[in-house]
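Novice: Quick note, the sequences are listed as chains A and B, same order.
Sequential numbering from 9 applies to the first sequence in our numbering.
Sequential numbering from 6 applies to the second sequence in our numbering.
Glycine included, C-beta positions come from ideal geometry on N, C-alpha and C.
Could you have a look at this structure, given as structure tokens, before my questions?
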Amino acid sequence: MQIARVIGDVVVTRKDEQLTGLKLLVVQPLTPDRQPSGRPLVAVDAVGAGVGEEVFFVRGKEASFPFFPAEPPVDAGIVGIVDRWDVEKR
Amino acid sequence: MILAKVAGTVVATRKDERLVSSKLLVVRPVDPSGKAEGNYLVAVDTVDAGVGETVLVVSGSSARMASGMKDTPVDAAIVGIIDAVEVNE
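Right, here's the structure in full:
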């Protein structure tokens, strides 16, 4: 799993039927000092996250597991909202 | 998933029989502002996308969960046509 900040949302009208009702958010992965790390991507939201929040997300087919037994075609999914996050400085 | 812009089409006559009648498109990843970045890739289209449209591309084994793609040898599928991306950063 990776930590990221939700930076936006995506509106998609024409889509795979199994994506209907799912919320798609743009997330920007973060480094431990909260700087952007790599490209932003689109993740499906399983926990009610919103723009501006720090979250952790899972990549791969596992992103569809929160919606079991449905199997939406998603490869990134937000599975937690971070309340607090500390990294020891080295 | 990634955002990508459809750049072209692919015609392949000789291919895995499970890909027969699948539509293949060449897409290029874009950032949320629409700027192209990175390498082109081939994705199977499940939503009738066309050249020039911005689409949602799912990669890896999840691509097989797209409509009609069960047990097919694909690792990238177009599963949505983007209407709008709103980014506050």
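If you follow the beta strand (DSSP E) that A/Q10 is in, where does it begin and where does it stop?
Specialist: Locating residue 10 of chain A in the first sequence gives position 2, where the first residue counts as 1. Unbroken beta strand (DSSP E) run through A/Q10: Q10 to K23.
Novice: Could you check which residue in B/S67, B/G39, B/S26 and B/S64 has the C-alpha nearest to that of B/D53?
Specialist: For this step, residue 53 of chain B is matched to residue 48 along the second sequence. The shortest Cα separation from B/D53 among B/S67, B/G39, B/S26 and B/S64 belongs to B/S26.
Novice: For chain A, is any of its Cβ atoms less than 8 Å away from the one on B/G85?
Specialist: Against the second sequence, residue 85 of chain B aligns to sequence position 80. Yes, B/G85 counts as interfacial toward chain A.
Novice: Would you call the segment 19–33 of chain B in contact with the segment 49–67 of chain B, where contact means no fewer than 3 C-beta pairs closer than 8 Å?
Specialist: The segment 19–33 of chain B is in contact with the segment 49–67 of chain B.
Novice: Quick one: does A/E79 have its CB under 8 Å from some CB of chain B?
Specialist: Taking the first sequence and counting its residues from 1, one reaches residue 79 of chain A at position 71. True, the Cβ-Cβ gap to chain B drops below 8 Å.
Novice: Comparing the C-beta of B/E91 with each C-beta of chain A, is any distance below 8 Å?
Specialist: Along the second sequence, one-based indexing puts residue 91 of chain B at 86. True, the Cβ-Cβ gap to chain A drops below 8 Å.
Novice: I want to verify the contact list: residues of chain A whose CB lies under 7 Å from the CB of B/A71, in sequence order.
Specialist: Translated into the one-based positions of the second sequence, residue 71 of chain B becomes position 66. Correct list: D24 and P81.
Novice: Counting Cβ pairs, one atom from each stretch, are 3 or more of them under 8 Å apart for the segment 10–17 of chain B and the segment 77–92 of chain A?
Specialist: They do not touch, by the three-pair rule.
Novice: Give, in chain order, every unbroken run of the beta strand (DSSP E) that is at least 3 residues long and sits entirely within the segment 17–78 of chain A.
Specialist: Whole beta strand (DSSP E) segments, 3+ residues: 31–37, 49–53 and 62–67.
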